[in-house]
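Undergrad: Please see the structure below; I have some questions.
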Amino acid sequence: MQTLRVALAQVAPRLGALDANLGMHHDRLREARDAGADIVVFPELGLTGYQLQDLAAEVAMRLDDRRLATLAGETRGLSAIVSFVEESGDHRLFIAAALIEDGEIRHVHRKLFLPTYGLFDERRFFAPGDLLRAVPSRLGFGVGIGICEDFWHLPVPQLLALDGAQVLVNVSSSPGRDLAATNEVGLGTATSWRTLMRTYAQLTTSFVVFCNRVGVDESISFWGGSEVIAPTGQAVFSAPLHDEGLFLVDIAPADIRRERIGLPLLRDERPEWNLRELRRVVAERAGLAEDATADPGAEAGLDVSPAEAPSEPIGFDAHRGRTTRPMDKGA
Amino acid sequence: MTAQAFELPDELAIDTDVARRVIAGFIRGQLEQAGFDRAVLGLSGGIDSALVAYLVAEAIGADRLLTVLMPYRTSSPASRADAESVVADLGCRSELVEITAMVDGYFGTDEVAGAAGADGGPASALRRGNFAARMRMSVLYDRSVTWGGLVVGTGNKTEGLIGYTTLFGDSACAFNPIGDLYKSQVRQLSVAIGVPDAIVRKAPSADLWPGQTDEDEGGFSYPLLDRILFWRVDKRRSVEEMADMGFDAGTVERVDRMIATSEFKRQVPPIAKLGPRTAGVDYLYPRRRPGSARG
Numbered sequence: 002m003q004t005l006r007v008a009l010a011q012v013a014p015r016l017g018a019l020d021a022n023l024g025m026h027h028d029r030l031r032e033a034r035d036a037g038a039d040i041v042v043f044p045e046l047g048l049t050g051y052q053l054q055d056l057a058a059e060v061a062m063r064l065d066d067r068r069l070a071t072l073a074g075e076t077r078g079l080s081a082i083v084s085f086v087e088e089s090g091d092h093r094l095f096i097a098a099a100l101i102e103d104g105e106i107r108h109v110h111r112k113l114f115l116p117t118y119g120l121f122d123e124r125r126f127f128a129p130g131d132l133l134r135a136v137p138s139r140l141g142f143g144v145g146i147g148i149c150e151d152f153w154h155l156p157v158p159q160l161l162a163l164d165g166a167q168v169l170v171n172v173s174s175s176p177g178r179d180l181a182a183t184n185e186v187g188l189g190t191a192t193s194w195r196t197l198m199r200t201y202a203q204l205t206t207s208f209v210v211f212c213n214r215v216g217v218d219e220s221i222s223f224w225g226g227s228e229v230i231a232p233t234g235q236a237v238f239s240a241p242l243h244d245e246g247l248f249l250v251d252i253a254p255a256d257i258r259r260e261r262i263g264l265p266l267l268r269d270e271r272p273e274w275n276l277r278e279l280r281r282v283v284a285e286r287a288g289l290a291e292d293a294t295a296d297p298g299a300e301a302g303l304d305v306s307p308a309e310a311p312s313e314p315i316g317f318d319a320h321r322g323r324t325t326r327p328m329d330k331g332a
Numbered sequence: 006m007t008a009q010a011f012e013l014p015d016e017l018a019i020d021t022d023v024a025r026r027v028i029a030g031f032i033r034g035q036l037e038q039a040g041f042d043r044a045v046l047g048l049s050g051g052i053d054s055a056l057v058a059y060l061v062a063e064a065i066g067a068d069r070l071l072t073v074l075m076p077y078r079t080s081s082p083a084s085r086a087d088a089e090s091v092v093a094d095l096g097c098r099s100e101l102v103e104i105t106a107m108v109d110g111y112f113g114t115d116e117v118a119g120a121a122g123a124d125g126g127p128a129s130a131l132r133r134g135n136f137a138a139r140m141r142m143s144v145l146y147d148r149s150v151t152w153g154g155l156v157v158g159t160g161n162k163t164e165g166l167i168g169y170t171t172l173f174g175d176s177a178c179a180f181n182p183i184g185d186l187y188k189s190q191v192r193q194l195s196v197a198i199g200v201p202d203a204i205v206r207k208a209p210s211a212d213l214w215p216g217q218t219d220e221d222e223g224g225f226s227y228p229l230l231d232r233i234l235f236w237r238v239d240k241r242r243s244v245e246e247m248a249d250m251g252f253d254a255g256t257v258e259r260v261d262r263m264i265a266t267s268e269f270k271r272q273v274p275p276i277a278k279l280g281p282r283t284a285g286v287d288y289l290y291p292r293r294r295p296g297s298a299r300g
């Protein structure tokens, strides 16, 4: 049976130390090649560290950067996903992850969702990407890349699977928090991620490869716990929390077909219906269409009317002409 | 088996193995990024600094830790004995620096006026306590140079949130491994890591005068205070929701006021914005970055 060897590079990049991290990537790529890996996955911003703030502009690279080309040179006969700060021609900075194979950058995913809440402040420093694409790989299957927060938005794994991905890869710099005694691994963040990854693998009947970094940036400790989940939703491999290492996992691509035949969820998806309903919801949330199933007086995007009528700024009443005031109910 | 040494509210229980792992990595990371491999901290005999000493020893080895005992003449001999028990158990380096001459040199004694002049003699316990805390800070930062190690903070989350701390005194440090742990969690972790039982069991005290305890002074038990802070701050419960959960609304509101009035202690002092880029406002760099480590 054909197997593919996935190498999870659960590394601890040094914050802002691009050259040192490039060296570490070169070393890990060689180590993975020597170990017979087919694809090596590095975590989000593995080349730069995460908590960059104003350093982001100082470590940013254009896609034609010689250092990326040199790194790509390590991938003859190998696939790798590496992540860095990408600067576009118009000087926007993106959190990017590139699929590099046989010495070439084959695809670049720019992080779509930039968390700017809680301990996160990404949107202050980075621009969000606009494109999501599954792409073919030299390994013979479609690859879909997401970066950390991208996989906290339901459509992302579904779109990648519908677009042809059979292996969904999430590269992360997930900060550990919510220390507790009441969950399986003692860390709320880890438990949430595990739940999500298993769910996506099962619902898209795809392999999910999750690579999360370890180490410390400033106050933040990254928890590792990288995983490979089979299309059944079962974990094939779970790396230890907090330990640095290159972890090798063999997967059987035949499992994708087996699961998709036995559990044809992807066959039964109805993207055209999704699209229709999404168009309706978008219009209703924007106040451009009437929500036929909402209570009178409900705000755009809500179905239930408030106990008290909200103020109505000019231009915000999508339902003018209808009985919109809650006090009219039953009158 | 001994009886439970302290009360641990259910919602505050942590996985102590994970906590030790994360904190050890944090301590090593802070030192490495700054170009240091040694640490120094003030050991009072209380549970917070004892726990941090154990955590630092676990992270980098006891031989790289300098503990400094800094009693004042009214400090309890029992506190010093407890601190010495930590030193003996860990086998770390320890120095004794009496701060009596420093504090009395400012406030004066019954016989001799101090640098503060006539105002020094009648100084309140608060002034004396704060001054002593800042003298200890000065000693630690001096030993930081002689020992070649970073000063490790020992303040916990409970005292940080209610402001039971001296600005630029006990709160001063290069980094703090336990500042996000409530007192109850400090106790739980202390038991797990092997802090001597006598230290875990005794009533927490700033040791500013004989018989003083935090809980008498604040009027709360730590488990209650920790629970209020946890639900109010971490879990964002409103005062009304807290009352529905069985907390006394007046007590919750009192804790709210302590949090609000001490907000300034938890933040870097603001700089008047004048130039194009201002530190902490729109000049935002990590504390440690390439080139910033001691060479």
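Which chain is which? The protein sequence lines are A and B, in order. Counting from 2, one number per residue, gives the positions in the first sequence under this note's numbering. Counting from 6, one number per residue, gives the positions in the second sequence under this note's numbering. Positions of the beta carbon are idealized from the N, C-alpha and C atoms, including for glycine. Keep in mind that this is a model prediction, so the values were computed, not measured.
Counting only beta-carbon separations shorter than 8 Å, does Val217 (chain A) have a partner in chain B?
TA: Chain B contact via Cβ: present.
Undergrad: In the DSSP output, which residue or residues are listed as bridge partners for Cys97 (chain B)?
TA: In DSSP, Cys97 (chain B) forms no bridge with anything.
Undergrad: Considering only the alpha carbon of each residue, which of A:Met198, A:Gly216, A:Glu219, A:Leu204 lies closest to Ser239 (chain A)?
TA: Residue A:Met198 is the option with its Cα nearest to Ser239 (chain A).
Undergrad: When the Cα of Leu266 (chain A) is compared with those of A:Val60, A:Glu185, A:Tyr201, A:Gln54, which residue comes out closest?
TA: It is A:Tyr201.
Undergrad: Spatial neighbours of Gly96 (chain B) within its chain, please: C-beta separation below 7 Å, excluding the five flanking residues on both sides.
TA: Ala67, listed in sequence order.
Undergrad: Determine the chain A residues that contact Pro182 (chain B) at a beta-carbon separation under 8 Å, and present them in chain order.
TA: Ordered by position in chain A, no residue passes the 8 Å Cβ test against Pro182 (chain B), which lies about 11 Å from the chain.
Undergrad: Tyr59 (chain B) touches chain A at which residues, Cβ-Cβ below 7 Å?
TA: In chain order: nothing, as chain A lies at least about 18 Å away.
Undergrad: Considering only residues of the same chain and omitting the five flanking positions on each side of Gly2 (chain B), which have a CB-CB separation below 6 Å?
TA: Lying before the first or after the last residue shown, residue 2 (chain B) is absent from chain B, which here runs from 6 to 300.
Undergrad: With burial defined as no fewer than 16 other Cβ atoms inside 10 Å of the residue's Cβ, what is the status of Thr324 (chain A): buried or exposed?
TA: Reliability of the predicted coordinates at Thr324 (chain A) is poor, the pLDDT of 42 falling under 50, and no value is obtained from them.
Undergrad: May I have a chain-ordered list of the alpha helix (DSSP H) segments no shorter than 4 residues that lie completely inside the region 223-257 of chain B?
TA: Here the runs fully enclosed are 227-234, 244-249.
Undergrad: Check whether the region 10-19 of chain B touches the region 184-197 of chain B, counting contact only when three or more Cβ pairs, one atom from each stretch, lie closer than 8 Å.
TA: The answer is yes - the region 184-197 of chain B touches the region 10-19 of chain B, with three or more Cβ pairs under 8 Å.
Undergrad: Along the region 280-292 of chain B, where does the CB come closer than 8 Å to a CB of chain A? Name the residues.
TA: Taking 8 Å as the Cβ-Cβ cut-off against chain A, the residues of the region 280-292 of chain B that qualify are Tyr288, Leu289, Tyr290, Pro291, Arg292.
Undergrad: Quick one: which chain A residues come within Cβ less than 7 Å of Phe31 (chain B)?
TA: Within 7 Å Cβ-Cβ: Val217, Ser222.
Undergrad: Once the 5 residues before and after Val237 (chain A) are set aside, which same chain residues still bring their CB inside 7 Å of it?
TA: Here the set comprises Val229, Ile230, Ala231, Val250, Ile252.
Undergrad: Between the region 257-266 of chain B and the region 39-57 of chain B, do at least 3 Cβ pairs fall closer than 8 Å?
TA: In short, these stretches do not touch, since the Cβ pair count stays below three.
Undergrad: Say whether the region 222-232 of chain B touches the region 133-145 of chain B, bearing in mind that this needs 3 or more beta-carbon pairs closer than 8 Å, one atom from each stretch.
TA: As far as the Cβ criterion goes, the region 222-232 of chain B does not touch the region 133-145 of chain B, which means the pair count is below three.
Undergrad: DSSP three-state call for Thr294 (chain A): helix, strand or coil?
TA: Residue state, collapsed to three classes: coil.
Undergrad: Check the DSSP bridge columns for Trp224 (chain A) and list the partner residues they point to.
TA: BP columns for Trp224 (chain A) point to A:Val215.
Undergrad: From the beta carbon of His92 (chain A), is the nearest beta carbon of chain B less than 8 Å away?
TA: His92 (chain A) does not count as touching chain B.
Undergrad: Out of B:Ala88, B:Thr79, B:Arg85, point me to the one whose CA is closest to Ala130 (chain B)'s CA.
TA: Of the candidates B:Ala88, B:Thr79, B:Arg85, the one whose C-alpha sits nearest the C-alpha of Ala130 (chain B) is B:Thr79.
Undergrad: How far does the beta strand (DSSP E) with Arg6 (chain A) in it extend, from its first residue to its last?
TA: Unbroken beta strand (DSSP E) run through Arg6 (chain A): 5-11.
Undergrad: Check the Cβ of Ala24 (chain B) against every Cβ in chain A and list those closer than 9 Å, keeping chain order.
TA: Per Cβ cutoff of 9 Å: Leu180, Gly187.
Undergrad: Counting only beta-carbon atoms, is Pro295 (chain B) nearer than 8 Å to chain A?
TA: Yes, Pro295 (chain B) counts as interfacial toward chain A.
Undergrad: Do you know offhand how far Tyr227 (chain B)'s Cα is from Arg271 (chain A)'s?
TA: Whole-angstrom Cα-Cα distance: 56 Å.
Undergrad: Based on the DSSP output, what are the partners of Arg111 (chain A) in its beta bridges?
TA: For Arg111 (chain A), which the question treats as bridged, DSSP gives the partners A:Ala97.
Undergrad: Using the Cβ count rule (16 or more neighbours within 10 Å means buried), how would you classify His110 (chain A)?
TA: By the neighbour-count rule (16 or more Cβ atoms within 10 Å), His110 (chain A) is buried.
Undergrad: Along the chain, where does the beta strand (DSSP E) that runs through Ile146 (chain A) open and close?
TA: Note, Ile146 (chain A): beta strand (DSSP E), 143-148.
Undergrad: Under a CB-based cut-off of 8 Å, is Glu128 (chain A) close to chain B?
TA: A small correction: the amino acid at residue 128 (chain A) is Ala; Glu does not occupy that position in the sequence shown. Judged by the 8 Å Cβ criterion, Ala128 (chain A) is not in contact with chain B.
Undergrad: Using 8 Å for Cβ pairs, my map puts Ser165 (chain A) next to Gly130 (chain A). What's the rounded Cβ distance?
TA: Note that residue 165 (chain A) is Gly in the sequence shown, not Ser. The pair is not a contact, with the Cβ atoms about 19 Å apart (cut-off 8 Å).
Undergrad: Let me see if you follow: with CB-CB separation under 8 Å, is Asp66 (chain A) close to chain B or not?
TA: Taking Cβ atoms only, chain B never reaches closer than 8 Å to Asp66 (chain A), which makes this a no.
Undergrad: Given this structure, state the Cα-to-Cα distance separating Gly122 (chain B) from Ile104 (chain B), to the nearest angstrom.
TA: Cα to Cα, Gly122 (chain B) sits roughly 19 Å from Ile104 (chain B).
Undergrad: Determine whether the beta carbon atoms of Glu75 (chain A) and His27 (chain A) lie at a separation below 8 Å.
TA: Yes, these two residues count as a Cβ contact at 8 Å.
Undergrad: Do Ser49 (chain B) and Ser84 (chain B) have their CB atoms nearer than 8 Å?
TA: Going by C-beta atoms, Ser49 (chain B) is nearer than 8 Å to Ser84 (chain B).
Undergrad: Can you name the residues of chain A whose CB is closer than 7 Å to the CB of Gly34 (chain B)?
TA: Chain A residues near Gly34 (chain B): Gly216, Val217.
Undergrad: Distance cutoff 8 Å, beta carbons only. Does His26 (chain A) sit that close to anything in chain B?
TA: Not one chain B Cβ lies under 8 Å of His26 (chain A).
Undergrad: Tell me which residues share the same chain as Gln203 (chain A) and place their Cβ nearer than 6 Å to its Cβ, disregarding the 5 neighbours each side in the sequence.
TA: The answer, listed in chain order, is Gly234.
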